[in-house]
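Counting from 42, one number per residue, gives the positions in the sequence shown under the working numbering.
Below is one structure, written out as structure tokens; the observations come after it.
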Amino acid sequence: MKDRLNILGVRPSRRQFLQAASLFSLGCLAGGCLDNPNTLNFYNWSLYIGPNTVKEFEQASGIHVNYEMCSSADVMFAKLKIGTEGYDLIVTPDYMLRRLIRQNLVQRLPKPVPGERLYERLRHPPWDPNQEWSIPYLWGTVGIAYLKDQVVPAPDSWKALFDGKYGRSVTMLDEKRDTLGAALISQGFSGNSVNPEELQKAKQALLAQKEWVRRYTSDFVDDLIRHETTLALAWSGDLHQAASDPTVGYAVPKEGSFLFVDNMAIPRSAPHPDAAMKFILYYMQPEVAAGVTNGCGYANPIEASEKFVRPEILADPLTYPSKETMERLVFQEDLGAGEKLWDQIWEEVKR
Ligand code: N2P
42 MKDRLNILGV
52 RPSRRQFLQA
62 ASLFSLGCLA
72 GGCLDNPNTL
82 NFYNWSLYIG
92 PNTVKEFEQA
102 SGIHVNYEMC
112 SSADVMFAKL
122 KIGTEGYDLI
132 VTPDYMLRRL
142 IRQNLVQRLP
152 KPVPGERLYE
162 RLRHPPWDPN
172 QEWSIPYLWG
182 TVGIAYLKDQ
192 VVPAPDSWKA
202 LFDGKYGRSV
212 TMLDEKRDTL
222 GAALISQGFS
232 GNSVNPEELQ
242 KAKQALLAQK
252 EWVRRYTSDF
262 VDDLIRHETT
272 LALAWSGDLH
282 QAASDPTVGY
292 AVPKEGSFLF
302 VDNMAIPRSA
312 PHPDAAMKFI
322 LYYMQPEVAA
332 GVTNGCGYAN
342 PIEASEKFVR
352 PEILADPLTY
362 PSKETMERLV
372 FQEDLGAGEK
382 LWDQIWEEVK
392 R
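Have a look at this one:
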């Protein structure tokens, strides 16, 4: 319990630090600082790194890190696509990496990586079978977070997010692949469907659900901790922020859900690819990767890190789901030409 409280305890200062780092880097990237080669402009997600990882990397490498937080995968893609320069290292979802490679927006890793340190099942992922472009960073699941004292019985189906039983107290992720994907599965379809009729049905479900949605946000956990929401479409590891609150639960619905693997990659236009490579190699050390898992509650890809992961996190199904849960999970696939229709529908839903 004490350790769990510690996880919560580090949160405000970490967040403040990240926010400050993010503001600084925004100014820096937009205004074009005097370029210092010992710089790493790191574009990552909130609640997705250890509290000391950046500081310790800076100390070990002499490289200064500007950390900017990403609010959605589509924003990340758009920034790289319109040619926003300055990012050296990004953390990108599996399905998006394929798109970034196809569109020539990332570069090959400048050095070989010790791939044998990865868990066997992550060594040749379909989005980058030979570890040429990326290294897995963290992985987790998509599910429903809920307040246990209000949602009774516990939700076991995606329908719980759509039935309006608890009024306007739902948040959905500001992420089309997860939100529209969950709507598709709730309607009995594949969460990767590009079938226009199926997508229309999912869209209708989301439009009808709007009455119950407080907001679309990727920072869902704060609202839950404050008990301002009852149900949220959620990413598993973020729930560690609520670990000291016994009323917050997490469920992977029986209809199935997504397993995501986010990856470190270097944008084509990165001004400091060598600094990015140094961070990747630094991260691949078991103690470092374990520090990230201990700090944010997401599982990392380095097998030998298990020795350094705190036992209660190793035993926590939020971080390492059971075999039975894993069997219900699929990856998000590259939508190819279907992406356009998903974008259109997502825009209509959010309008
Ligand atoms: C954690 C962000 C998880 C990103 N806050 C999901 N791809």
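Just so it is clear, CB atoms sit at the ideal spot from N, CA and C, and this is done for glycine as well.
Here the structure is a predicted model, which means the values were calculated and not measured.
- Going by C-alpha positions, proline 78 is about 38 Å away from tyrosine 361.
- Per the Cβ contact rule, the region 164-181 is not in contact with the region 189-204 (fewer than 3 Cβ pairs under 8 Å).
- Contact holds between the region 326-336 and the region 92-105, because three or more Cβ pairs, one in each stretch, are under 8 Å apart.
- In this structure, the ligand N2P has no non-hydrogen atom nearer than 7 Å to the beta-carbon of aspartate 115.
- Boundaries of the alpha helix (DSSP H) harbouring phenylalanine 261: 261-266, taken from the DSSP string.
- DSSP places serine 198 outside both helix and strand once states are collapsed to three, so it counts as coil.
- Counted as a single uninterrupted DSSP element, the alpha helix (DSSP H) harbouring methionine 117 occupies residues 114-122.
- Per DSSP, the unbroken alpha helix (DSSP H) holding tryptophan 383 starts and ends at 380-391.
- At least one heavy atom of the ligand N2P sits closer than 7 Å to the Cβ of glycine 278.
- Sequence-distant partners of glycine 336 (beyond 5 residues in either direction) whose C-beta falls short of 6 Å from its own C-beta, in its chain, are Gly91 and Pro92.
- Counting along the chain, phenylalanine 301 sits inside the beta strand (DSSP E) bounded by residues 298-308.
- Taking methionine 110 as reference, the option from Ser298, Thr133 and Gly338 with the minimal CA-CA separation is Thr133.
- Rounded to whole angstroms, leucine 225 and glutamate 328 show a C-alpha spacing of 39 Å.
- Within the same chain, Cβ atoms closer than 8 Å to the Cβ of valine 289 are found at Ala186, Tyr187, Leu188, Lys189, Leu265, Ile266, Leu280 and Ala283, the five residues on either side in sequence being excluded.
- For the set Leu376, Gly222, Val302 and Leu159, the Cα lying nearest the Cα of glutamate 347 is the one of Leu159.
- Distance from serine 87 to aspartate 215 at the Cβ level is roughly 12 Å; contact not present, criterion being Cβ atoms closer than 8 Å.
- Shown here, valine 329 sits in a helix according to DSSP, grouped into three states.
- Within the same chain, Cβ atoms closer than 8 Å to the Cβ of tyrosine 291 are found at Gly184, Ile185, Ala186, Tyr187, Ala275, Ser277, Leu280 and Leu359, the five residues on either side in sequence being excluded.
- Looking at the DSSP output, serine 175 shares a beta bridge with Ala306.
- Our two residues, arginine 309 and tyrosine 84, have alpha carbons roughly 14 Å apart in a direct line.
- Excluding five sequence positions before and after arginine 218, the CB atoms of its chain that fall closer than 6 Å to its own CB belong to Gln373, given in chain order.
- Between lysine 244 and leucine 138, the alpha-carbon positions lie close to 26 Å from each other.
- By the CB criterion at 8 Å, alanine 223 and tryptophan 253 fall outside the cutoff.
- Valine 95 carries a helical assignment under DSSP once its states are collapsed to helix, strand and coil.
- Isoleucine 343 sits in a strand when the DSSP states are folded into three classes.
- Residue range 352-355 is occupied by the alpha helix (DSSP H) that includes glutamate 353.
- As the crow flies, the alpha-carbon of isoleucine 307 is around 43 Å from that of valine 192.
- In the DSSP annotation of this structure, alanine 284 is not part of any alpha helix (DSSP H), being labelled neither H nor E.
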